[in-house]
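Colleague: Below you will find the structure I want to go over with you.
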Amino acid sequence: MEWRWLSFAVVAEKDLRSVESSYTAKDLSVLEGLDAVRKRPGMYIGSTDSRGLMHCLWEIIDNSVDESLAGFCKRVEINIERDGSIEVRDDGRGIPVDKEPKTGLTGVEVVMTKLHAGGKFGSGSYSATGGLHGVGASVVNALASRLDVEVDRDGKIYWMSFKRGVAGSFDGDGPNAPFEPKSGLRVIGKVSSKITGTRMKWWADKQIFLKDADYELSEIYERARQTSYLVPGLTITINDNRGKTSTSETFFHKGGISEYCAFIQSDEPIGEVIRLAGSGHYQETVPVLDDKGHMNPTEVERDMGVDIALRWGNGYETTMRSFVYIIATPKVGTHVQGFERALTKIFNEQLRSTSTLKKNEVDVIKDD
């Protein structure tokens, strides 16, 4: 037994040395652009099951919601089709169709094929955004066997199709239709100059996603309801056309987070919803990439707004939801911790000013 083990160990060591000596630059893999997304989808959407499929949907919906936060979108419609496709429509400004100077490509092609590209990086497009910040649409495109994008802008209807992230045109319907790679945006019709918007329809790639991956209707409803509270005035409609009969749900709320606070409260209220809002200006040191590719600490000016709705109840449990730019933060963060410290501080000040809390008594804490 000893000699057999020794012989095995020597052979293994010899093989290891052989592998190490053959390791050269030619063994390195360089993944660029959307190819990296297809090779490692989990890095971008977490998984290739239903959760990853839903993540793709959220990314496109978030783009429409960003338009609403900027004041340009009033309606978002989501259509789940029987053929496995899903469509998101909005009446926002529409993806830019003019050419981007650095790439020479139209705005639509830049957004759909280039990672880390979009209006969320500029200073004049959005003041608040969610999603993957310039990655979402291109990632969804890379993981779709077919994606069609239609834009209403400048009195024209623009159209462009993609197959697994490659621009081109399909000769027929569905992802299995003959495809010819071809760059460029086509004008397919006219529309009133007052009408703007974006329509995006895609088929998730079966080469990427698991067979049982599917869109969860209840989860879509929950997300749509939550968003309609956080973005008051936005109408979100979900049409599920997968069954024999179609179902439709519409979510719309004017009251914002005040209504949401009342909706999620599990115990009996003992007062009205209290709304607290404010803003502040501050400086922050952040690493900024210069022209030479170096990260330099830079002082930047920031403006931050805070909006809080709370209501006391007669129960002992706390129900809390926190968000940053309408993106849920279930693990809380400094924004929640700061609020809780401030709330506890005010309670102690009021208790002592009314002598409810005596000088020799310790301060109350958050749990109290």
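All the letters of the sequence shown, read from the start, carry residue numbers 249 to 616 under our numbering. Even glycine gets a Cβ: it sits at the ideal position worked out from N, Cα and C.
(1) Would you identify the three-state DSSP class for S527, choosing helix, strand or coil?
(2) Report all residues from its chain with a CB closer than 6 Å to the CB of N562; omit the five preceding and five following residues, and keep chain order.
(3) Looking at R559 and E520, is the spacing between their C-beta atoms short of 8 Å?
(4) Who are the Cβ neighbours of R334 in its own chain at under 6 Å, not counting the five residues just before and after it?
(5) Please return the same chain residues whose Cβ sits closer than 8 Å to the Cβ of V435, not counting the five positions on each side in sequence.
(6) For the candidate residues S409, V399 and D400, whose alpha-carbon lies nearest to that of N617?
(7) For E335, list the residues DSSP reports as bridge partners.
(8) Can you tell me where the beta strand (DSSP E) with F427 in it begins and where it stops?
(9) Go to R569, then tell me how far its alpha helix (DSSP H) extends in each direction, as first and last residue.
(10) Using the beta-carbon count (16 or more within 10 Å), is D339 buried or exposed?
(11) Return the chain-ordered list of same chain residues with a C-beta closer than 8 Å to the C-beta of G370, the five sequence neighbours on each side being excluded.
(12) Can you give the Cα-Cα distance for D538 and K350, rounded to whole angstroms?
(13) Rounded to the nearest angstrom, what separates E597 and L524 at their Cα positions?
(14) Taking just the CA atoms, how far does A284 sit from V610?
(15) Which same chain residues, not among the five before or five after A425, have their C-beta less than 7 Å away from its C-beta?
(16) DSSP three-state call for A576: helix, strand or coil?
(17) Output yes or no for whether 8 Å exceeds the beta carbon distance between T582 and I613.
(18) Could you check what DSSP says for K442 in three-state terms: helix, strand or coil?
(19) Could you tell me the alpha carbon to alpha carbon distance between T602 and F595, rounded to whole angstroms?
(20) Measuring only the C-alpha atoms, how far is I575 from M448?
(21) Could you give the C-beta distance for G355 and D346, rounded to a whole number, given that I count them as a contact under 8 Å?
(22) For W407, which of helix, strand or coil comes out of DSSP?
(23) Going by DSSP, what residues sit across from K347 in a beta bridge?
Modeller: Reading off the structure:
(1) DSSP places S527 in strand when its eight states are reduced to three.
(2) Excluding sequence neighbours, N562 sits near D515, E516 and I518.
(3) Yes, the Cβ-Cβ distance between E520 and R559 is below 8 Å.
(4) Looking at the sequence itself, residue 334 is Ile, so the reference to Arg does not match. Here the set comprises I328.
(5) Here the set comprises K404, I405, Y406 and W407.
(6) Residue 617 lies beyond the stretch modelled for the chain, which goes from 249 to 616, so this question has no answer here.
(7) Here E335 is bridged, per DSSP, to N327 and K449.
(8) For F427, the enclosing beta strand (DSSP E) begins and ends at F427 to P429.
(9) For R569, there is no enclosing alpha helix (DSSP H), as DSSP marks it with neither H nor E.
(10) When all chains shown are included, D339 counts as buried.
(11) Low confidence applies to G370: its pLDDT is 46, below 50, so where it sits in the model is not reliable, and the reading given next is rough at best. Taking C-beta separations shorter than 8 Å and ignoring five residues to either side along the sequence, G370 has no partners in its chain.
(12) In this model, D538 and K350 are separated by some 17 Å (Cα to Cα).
(13) Rounded to whole angstroms, E597 to L524 spans 18 Å at the Cα level.
(14) About 57 Å.
(15) Within the same chain, Cβ atoms closer than 7 Å to the Cβ of A425 are found at F418 and D419, the five residues on either side in sequence being excluded.
(16) In the structure shown, A576 sits in a strand (DSSP, three-state: E or B).
(17) Not in contact: T582 and I613 (Cβ atoms no closer than 8 Å).
(18) Three-state result, K442: coil.
(19) So the two alpha carbons sit approximately 11 Å from each other.
(20) In a straight line, the C-alpha of I575 is about 22 Å away from that of M448.
(21) Their Cβ separation, rounded to whole angstroms, is 6 Å, which keeps G355 and D346 in contact under 8 Å.
(22) Under the three-state reduction of DSSP, W407 is assigned to strand.
(23) Note: K347 sits in a beta bridge opposite T354.
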